[in-house]
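A short write-up of the structure that comes next.
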Amino acid sequence: GQAQGRKAGDGVYAAEQATRGAEAYEKACASCHMADLRGEGFAPALNGDAFALRWETGKLGDLFKIVKGTMPADNPNSLTAGQYADIVAFMLKANGYPAGQALGPGAAENAQDVVLRVGEPRRLQDLLDVAEQGIGGAQ
Numbered sequence: 001g002q003a004q005g006r007k008a009g010d011g012v013y014a015a016e017q018a019t020r021g022a023e024a025y026e027k028a029c030a031s032c033h034m035a036d037l038r039g040e041g042f043a044p045a046l047n048g049d050a051f052a053l054r055w056e057t058g059k060l061g062d063l064f065k066i067v068k069g070t071m072p073a074d075n076p077n078s079l080t081a082g083q084y085a086d087i088v089a090f091m092l093k094a095n096g097y098p099a100g101q102a103l104g105p106g107a108a109e110n111a112q113d114v115v116l117r118v119g120e121p122r123r124l125q126d127l128l129d130v131a132e133q134g135i136g137g138a139q
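Residue 1 is where the sequence shown starts when you use my numbering, and the numbers rise one by one after that.
As structure tokens, then:
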């Protein structure tokens, strides 16, 4: 059906959610993932190539479940469903996804079919190039 073709690029969060999410992120997430989402140490980057590669074939519902079930690392599932939805909306905005309809508190269920990938999957060579950059001088 139509629902299976949904992509995050179709606008799956509301702009005001991302604004609220920025505040919630600052309080609950930025101490580990940094204010600019670049990550540090054990906390992975939540933007840029690292995020794009990790979630290239992922589903929005899975991202929501992981954030809710594992974060904050010292107190998982301690925020409200609405706060988690707002934080995921902020992450989507930070990664260049367009705003659209609100991501409801039942986001994990409602968004299970929403594909995060924007455009076509990257070519294998592009993935290898990024991997080699990440490995760097580790030989």
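We put the beta carbon where it would ideally sit given N, CA and C, even for glycine. Here the structure is a predicted model, which means the values were calculated and not measured.
Identify which residue in the options has its Cα closest to the Cα of residue i.
i, options, result
"G21", "A45, I87, F51, D74", "I87"
"L63", "F42, T80, L92", "L92"
"A81", "A50, D10, Q17, R6", "Q17"
Expressed to the nearest angstrom, what Euclidean distance is found between the alpha-carbon atoms of residue i and residue j?
i, j, result
"R54", "A99", "21 Å"
"V115", "D36", "24 Å"
"A8", "G96", "10 Å"
"P44", "E26", "16 Å"
Need the endpoints of the alpha helix (DSSP H) that residue i sits in, please.
i, result
"Q83", "81-94"
"S78", "Where S78 is concerned, there is no enclosing alpha helix (DSSP H), given that its DSSP letter is neither H nor E."
"D49", "48-55"
Between which residues of its own chain and residue i is the CB-CB distance below 8 Å, once the five residues before and five after are set aside?
i, result
"A14", "A89, A99, G100, Q101, A102, L103"
"E40", "C32, H33, M34"
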